[in-house]
């Protein structure tokens, strides 16, 4: 697995507080699941997080803690009927928000066990890559 990084963008001129990163596999999942406009919307959600002082306690996005990682939740609007979940972690020393997995949630309730297992696995790999 490979980590890619990018700088958040916003129409206003202020600089982001966090860098953004993603596992290539998470990007592939998102591009397979979403249309180009929906994908751009998902990227914009993370751009906004990069400008917050505490992205895990966002004032603008629906972010929830799950174990040792976080879930950004979005639904409706440009996403239509897609109940989008993007799982990520934060590396405070590097000031990096790293996307681990993209998932279309189908059921009510908590994240499915198979999703949590995959995210835990990717989180372990990401920690090794960040050393």
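Residue numbers (this note's numbering): 4 to 134.
Cβ coordinates follow ideal geometry from the N, Cα and C atoms, glycine included.
Please list, in chain order, all residues of the same chain as residue i whose beta carbon is under 7 angstroms from its beta carbon, the five residues on each side excluded.
i	result
residue 19	10, 11, 53 and 54
residue 94	101 and 133
residue 51	63 and 64
Beta-carbon within less than 6 angstroms of residue i's beta-carbon, same chain only, minus the 5 sequence neighbours each way: which residues are those?
i	result
residue 8	22 and 24
residue 86	78 and 108
Check this for me: beta carbons of residue i and residue j, under 7 angstroms apart or not?
i	j	result
residue 103	residue 75	no
residue 81	residue 40	yes
residue 105	residue 43	no
residue 4	residue 128	yes
residue 122	residue 72	yes
Who are the near neighbours of residue i in its chain, counting only those whose CB is closer than 8 angstroms to its CB and skipping five residues on each side?
i	result
residue 98	20, 21 and 22
residue 119	69 and 70
residue 96	none
residue 116	none
List the whole-angstrom C-beta distance separating residue i from residue j, where the pair is believed to meet the contact cut-off of C-beta under 8 angstroms.
i	j	result
residue 37	residue 29	No, residue 37 and residue 29 are not in contact; Cβ-Cβ is about 12 angstroms, not under 8 angstroms.
Report the residue ranges of all alpha helix (DSSP H) runs contained in full by the segment 77-130; include only those spanning at least 4 residues, in chain order.
none
Go through the segment 8-72 residue by residue and report every complete run of the alpha helix (DSSP H) that reaches 4 residues or more, in order.
27-36 and 39-52
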